[in-house]
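Reading through the C-alpha cells given below for one structure.
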DNA sequence: GCCCAGTTACGTACAGCGTACGTAGTGAGG
DNA sequence: CCTCACTACGTACGCTGTACGTAACTGGGC
C-alpha cells in the first residue's frame with residue numbers, strides 16, 4: 074500500500090516513471106491528451122476522473138496512480154496545451170513585434186481550447202512548458218533596457234490581457250454549455266433584459282454607449298488595441 | 074405546480090415578489106448575504122444550496138423558489154457585493170483620479186471577498202449594482218473627449234487589470250483551502266520545486282528575474298503601476 | 001366572503017462527483 | 001529467489017445540483 078493520502082508535492086517534482094515496480098501503462102502526455110480532448114468537446118466540467126479513466130481504458134482509481142489529485146490533471150492539461158506554442162528558434166531583436174506574436178499565439182491557443190482561460194486564472198503557471206514560454210518571453214525582452222522586475226511585470230500584463238480578453242470573448246458560449254436551452258436563446262434573453270433596463274433611463278451613458286456601437290464588434294481589433302496600449306506604455310517608459 | 078423546469082430568463086427580470094400567493098419568507102438580499110458570509114468564511118466551494126438553505130433556516134428545495142439555478146445565486150452574491158462601492162455623489166471632473174479611486178475601491182472589495190475574482194472572470198456583469206457601477210465609471214469619463222466605444226474599452230481594461238491582479242494576489246491562499254495541508258507547507262513546496270527547476274540552468278532569465286527581486290513584493294505598488302500605465306495610454310491618445 | 005389559480009414549502013430520490021481504503025497481482029533490485 | 005514498492009481496480013462514503021410530487025397558504029376577481 075502506497076503512502077497514498079495525497080502527500081504535499083508538486084506533480085512535476087515526482088518522476089513520471091517510478092524506479093521500482095511494473096512499467097506504467099500510460100504516459101502523462103497520453104492522459105493529458107485524453108482530458109484535453111474531452112474538455113474541447115464537452116467542456117471542462119465534463120472532465121471527470123471517471124470519464125478520463127474510462128476513455129483511457131482503465132479503472133477510475135488507477136488514474137490516481139498517475140495523478141494524485143484532480144487539480145494535477147488540470148496541470149497536465151495546461152502543460153500539454155502550452156506546448157502548442159510554436160516558438161521561433163530565437164527572438165528577432167524587435168521585442169515589440171516578438172511579444173505581439175507571442176500574445177497572438179496565446180490568444181489562438183486559448184480560443185482553440187475555451188476551457189484554458191478558466192484554468193489560467195487559477196494560475197497553473199509553473200509547468201515545464203509554461204516556464205519554457207515565460208523564459209522565451211523574457212528572452213524577447215533582452216533588447217529592452219529595463220530591470221528584470223519591470224520585464225516580468227510586462228510579461229504578466231500581456232498574459233493578463235490575453236486571458237481577460239479571451240475569457241470575455243468566450244464566456245457566453247461556455248456558460249451556455251451547462252444550460253438546458255440554446256446559446257441563441259440565452260443571448261436573446263440577455264439582450265432583451267439589457268434593452269429593457271437601458272430603456273428605464275437609469276443608465277444614460279451605458280445606453281448611449283450601446284446605441285453608439287453599430288454592428289458586431291471586431292474582437293480581434295479590440296484585443297490588438299489593448300495589447301498595443303500595454304506595449305506602448307512600456308516602450309515610452 | 075410551477076412551470077419549474079428552469080425556464081430561460083435572467084433572474085433580474087423576474088420580480089422579487091410574485092403578484093399572487095403567500096408572501097416569501099426571505100428577500101434576495103438576505104439570501105445573498107448568507108451566501109456571501111459562507112463564501113467569505115469557508116470559500117466559494119462551501120456555498121452549496123443545502124448549506125445556504127440550512128443557514129437561512131429553510132428546506133433545501135425551498136431555495137429554488139427564490140433562485141432557479143445555482144448560477145443565479147452567484148449573480149445575487151456579485152450584486153450584493155457590488156453594492157459595497159461607496160460611489161461619490163458625482164465625479165470630480167478629474168477622470169484619471171476618479172477612475173483610480175474606483176479601481177482601488179474594486180480592488181479593496183475583491184480582496185475583502187476573495188471568491189469575487191473567480192466569479193468576475195465568469196462575467197456576471199449585468200446585475201443592477203454592477204450596471205450602476207459601470208454607469209458611474211462612464212460618468213467619470215465625461216470630461217474625456219473620446220467616442221463611447223473607446224470609453225467602454227477603457228473601463229473594461231481597468232476592470233480587467235483589477236480582476237487579474239487581485240486574482241494573482243489571492244490564488245495561492247484560495248487554492249490552499251481545498252488542500253489537506255497548510256498554506257505555508259504549500260508555499261514551501263512550490264518554491265522548493267521552483268528553485269530546483271531554476272537551478273537546472275534551463276531558464277536563465279527566469280532565474281535572473283527571481284534572483285533580482287529581493288524581499289517581498291509590494292503588490293499594491295505593482296497594481297498601481299499597471300493601472301497608471303493603462304490610464305496613461307488613454308490620456309496620451 | 002368565497003373560490004381557486006398560482007405560489008410557497010419541502011421531503012424524497014437520482015445521477016454524478018472526488019477520493020479513501022483494501023486487496024490482488026507484477027516485476028525489478030538486493 | 002525473495003521481497004517490497006509499485007500498479008491495478010472494485011467498493012463505498014459523503015457530497016453535489018436539482019427534478020418531481022405533494023401539501024399548505026393567500027390574494028385578486030366575482
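Residue numbers (the numbering used here), protein chains in the order written: chain A, 74 to 310; chain B, 74 to 310.
Here a beta-carbon is modelled for each residue, glycine too, at the ideal position from N, C-alpha and C.
Owing to the predicted nature of the structure, the values given are computational and were not obtained by experimental measurement.
{"Item": "Quick one: which unbroken alpha helix (DSSP H) runs of 4-plus residues sit fully inside the segment 244-273 of chain A? Chain order, please.", "Value": "256-272"}
{"Item": "Secondary structure at residue 379 of chain B, three-state DSSP: helix, strand or coil?", "Value": "What the structure shows of chain B is the stretch from 74 to 310, and residue 379 of chain B is not part of that stretch, so it cannot be assessed."}
{"Item": "Using a cut-off of 7 angstroms between C-beta atoms, extract the partners of residue 241 of chain B located in chain A.", "Value": "196"}
{"Item": "Step through the CB atoms of chain A and report whether any lies within less than 8 angstroms of the CB of residue 111 of chain B.", "Value": "no"}
{"Item": "Around the C-beta of residue 247 of chain A, are 16 or more other C-beta atoms found within 10 angstroms, so that it is buried, or is it exposed?", "Value": "buried"}
{"Item": "How would you write the range of the alpha helix (DSSP H) that residue 213 of chain B sits in, first residue to last?", "Value": "201-213"}
{"Item": "Flag this pair as yes or no: are the beta carbons of residue 150 of chain A and residue 112 of chain A separated by less than 8 angstroms?", "Value": "yes"}
{"Item": "Give the straight-line distance between the Cα atoms of residue 207 of chain B and residue 234 of chain B, rounded to the nearest whole angstrom.", "Value": "15 angstroms"}
{"Item": "For residue 76 of chain B, which three-state DSSP category applies?", "Value": "With a pLDDT of only 49 at residue 76 of chain B, under 50, the local geometry of the prediction cannot be trusted, and no value is derived from it."}
{"Item": "Are the C-beta of residue 221 of chain B and some C-beta of chain A separated by less than 8 angstroms?", "Value": "yes"}
{"Item": "Any beta carbon of chain B sitting closer than 8 angstroms to that of residue 279 of chain A?", "Value": "yes"}
{"Item": "Got a sec: is the Cβ-Cβ distance from residue 262 of chain B to anything in chain A below 8 angstroms?", "Value": "yes"}
{"Item": "Since I believe residue 153 of chain B is in contact with residue 106 of chain B (beta carbons under 8 angstroms), could you give me their beta-carbon distance rounded to a whole number of angstroms?", "Value": "6 angstroms"}
{"Item": "In whole angstroms, what separates the C-alpha of residue 260 of chain B from that of residue 280 of chain A?", "Value": "47 angstroms"}
{"Item": "What number of angstroms, rounded off, separates the C-alpha of residue 252 of chain A from the C-alpha of residue 245 of chain A?", "Value": "11 angstroms"}
{"Item": "On the criterion of 16 or more Cβ atoms from any shown chain inside 10 Å, does residue 216 of chain A qualify as buried, or is it exposed?", "Value": "exposed"}
{"Item": "For residue 287 of chain A, which of B:222, B:137 and B:110 has the nearest alpha-carbon?", "Value": "B:222"}
{"Item": "Just tell me which of B:299, B:109, B:131 and B:160 has its CA closest to the CA of residue 212 of chain B.", "Value": "B:160"}
{"Item": "Are the CB atoms of residue 190 of chain A and residue 231 of chain A within a distance shorter than 8 angstroms?", "Value": "no"}
{"Item": "When the cut-off is 8 angstroms and only beta carbons count, does residue 286 of chain A lie next to chain B?", "Value": "yes"}
{"Item": "Do the CB positions of residue 141 of chain A and residue 258 of chain B come within less than 8 angstroms of each other?", "Value": "no"}
{"Item": "Using a C-beta to C-beta distance shorter than 9 angstroms, which residues of chain A count as neighbours of residue 199 of chain B?", "Value": "263, 266, 267 and 270"}
{"Item": "In whole angstroms, what is the alpha-carbon distance linking residue 171 of chain A and residue 165 of chain A?", "Value": "7 angstroms"}
{"Item": "Run through DSSP, which three-state label would residue 116 of chain B get?", "Value": "coil"}
{"Item": "In its own chain, which residues sit with a C-beta less than 7 angstroms from the C-beta of residue 133 of chain A, not counting the 5 before and 5 after it?", "Value": "122, 123 and 126"}
{"Item": "Assuming residue 148 of chain B and residue 84 of chain B are in contact, meaning their beta carbons sit under 8 angstroms apart, how far apart are those beta carbons, in whole angstroms?", "Value": "6 angstroms"}
{"Item": "Output the boundary residues of the alpha helix (DSSP H) element that contains residue 173 of chain B.", "Value": "168-185"}
{"Item": "Using a Cβ-Cβ cut-off of 8 angstroms, state whether residue 137 of chain A counts as contacting chain B.", "Value": "no"}
{"Item": "Start and end of the alpha helix (DSSP H) containing residue 161 of chain A?", "Value": "That residue, residue 161 of chain A, is in no alpha helix (DSSP H); it is neither H nor E in DSSP."}
{"Item": "Going by DSSP in three states, residue 124 of chain A sits in which element: helix, strand or coil?", "Value": "helix"}
{"Item": "Could you check the C-alpha separation between residue 110 of chain A and residue 193 of chain B for me, to the nearest Å?", "Value": "27 angstroms"}
{"Item": "Quick check on residue 133 of chain B: does DSSP put it in helix, strand or coil?", "Value": "helix"}
{"Item": "Does DSSP put residue 277 of chain B in a helix, a strand or coil?", "Value": "helix"}
{"Item": "So that I know if they touch, is there some Cβ in chain A lying closer than 8 angstroms to that of residue 98 of chain B?", "Value": "no"}
{"Item": "With a Cβ-Cβ cutoff of 8 angstroms, do residue 130 of chain A and residue 188 of chain A count as a contact?", "Value": "no"}
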